[in-house]
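Q: Residue numbers (the numbering used here): 166 to 354. Heads up, the beta-carbon is just placed ideally off N, CA and C, and yes, glycines get one too.
1. Out of curiosity, what's the CA-to-CA distance linking residue 218 and residue 256?
2. Alpha carbon to alpha carbon, what distance is there between residue 279 and residue 304?
3. Please classify residue 262 as buried or exposed, where buried requires at least 16 neighbouring CB atoms within 10 angstroms.
4. DSSP on residue 283, reduced to helix/strand/coil?
5. Compute the beta-carbon to beta-carbon distance between residue 310 and residue 328, rounded to the nearest angstrom, for a pair I have assumed lies under 8 Å.
6. Could you say which of 204, 338, 322, 347 lies nearest to residue 170 if we only look at CA atoms?
7. Between which two residues does the beta strand (DSSP E) carrying residue 347 extend?
8. Rounding to the nearest angstrom, what Cα-Cα distance links residue 251 and residue 334 in this structure?
9. Using 8 Å as the threshold, is the C-beta distance between residue 271 and residue 287 below it?
10. Helix, strand or coil: how does DSSP classify residue 309 here?
11. With a cut-off of 8 Å on the beta carbons, I'd call residue 269 and residue 247 a contact; round off their distance for me.
12. Measure the C-alpha to C-alpha separation of residue 213 and residue 166 and round it to an integer number of angstroms.
13. Tell me the DSSP bridge mates of residue 292?
14. What residue does the beta strand (DSSP E) around residue 213 start on, and which one ends it?
15. Of the choices 273, 202, 193, whose alpha-carbon is the least far from that of residue 182?
16. Does residue 277 come out as helix, strand or coil in the three-state DSSP assignment?
This is the structure in structure tokens:
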């Protein structure tokens, strides 16, 4: 289902049962998997890859270089930047073109979630089932199942695949009080 106000390039690939809502834009050579939802005003840049069963909320912007694995949630107004040295012009005053900058790719792994209004800087990997808190600025890689928040985003805890916070049972052992799943997590550092 593609809403009549959406702008989907004929060179983009949209999976089966994917819904593209009002004013969304999907650029050339982007690939969006099966059973996805692209909310109102979502921007999917050139060659962006979105896996199956992803949900991208209103006004999120995924610029060239972003890859989402399956089952990823992107909250409203999330921005993925792709250029660490942004300039509109070259030193000689000429307008920059695509040839004048290098994309730094970002990867969001299976099942991860990025909360509303977060900003993800270029070259970042967000691990499987990790959760980025709303309004966070992600400046470094996020480990699997980590909960990060703040500016810059820092580890504030660990989350279950069901999304609930994990409780510590003993050194490097955690469990989910909601669904009772146990985890052995090696803390970074």
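A: So, from the listed chains and residues:
1. Along the chain shown, one-based indexing puts residue 218 at 53. Along the chain shown, one-based indexing puts residue 256 at 91. If I take the Cα positions, the gap works out to 44 Å.
2. Counting from 1 along the chain shown, the entry for residue 304 is found at position 139. Counting from 1 along the chain shown, the entry for residue 279 is found at position 114. If I take the Cα positions, the gap works out to 13 Å.
3. Your numbering for residue 262 matches position 97 in the chain shown. Flag for residue 262 reads exposed.
4. In the chain shown, counting from the first residue as 1, residue 283 sits at position 118. Note: residue 283 maps to coil in three-state DSSP.
5. Along the chain shown, one-based indexing puts residue 310 at 145. Along the chain shown, one-based indexing puts residue 328 at 163. That pair is no contact at about 11 Å.
6. Indexing the chain shown from 1 puts residue 170 at position 5. Ranking 204, 338, 322, 347 by Cα distance to residue 170 puts 204 first.
7. Your numbering for residue 347 matches position 182 in the chain shown. Element bounds for residue 347: 347 to 349.
8. Taking the chain shown and counting its residues from 1, one reaches residue 251 at position 86. Taking the chain shown and counting its residues from 1, one reaches residue 334 at position 169. If you take the alpha carbons of residue 251 and residue 334, they lie about 45 Å apart.
9. On the chain shown, position 106 is the one that residue 271 refers to. On the chain shown, position 122 is the one that residue 287 refers to. Contact: yes.
10. Locating residue 309 in the chain shown gives position 144, where the first residue counts as 1. Reduced to three states, the DSSP call for residue 309 is coil.
11. The sequence position of residue 269 within the chain shown is 104, counting from 1. The sequence position of residue 247 within the chain shown is 82, counting from 1. That pair is a contact at about 6 Å.
12. To locate residue 213, count along the chain shown from 1; it is residue 48. To locate residue 166, count along the chain shown from 1; it is residue 1. Distance between the alpha carbons of residue 213 and residue 166: 20 Å.
13. For this step, residue 292 is matched to residue 127 along the chain shown. None, per the DSSP bridge assignment.
14. If you number the chain shown from 1, residue 213 lands on position 48. Looking at the DSSP string, residue 213 is not in any beta strand (DSSP E), and its letter there is neither H nor E.
15. Taking the chain shown and counting its residues from 1, the one referred to as residue 182 is at position 17. The shortest Cα separation from residue 182 among 273, 202, 193 belongs to 202.
16. Looking up residue 277 in the chain shown gives position 112. Reduced to three states, the DSSP call for residue 277 is coil.
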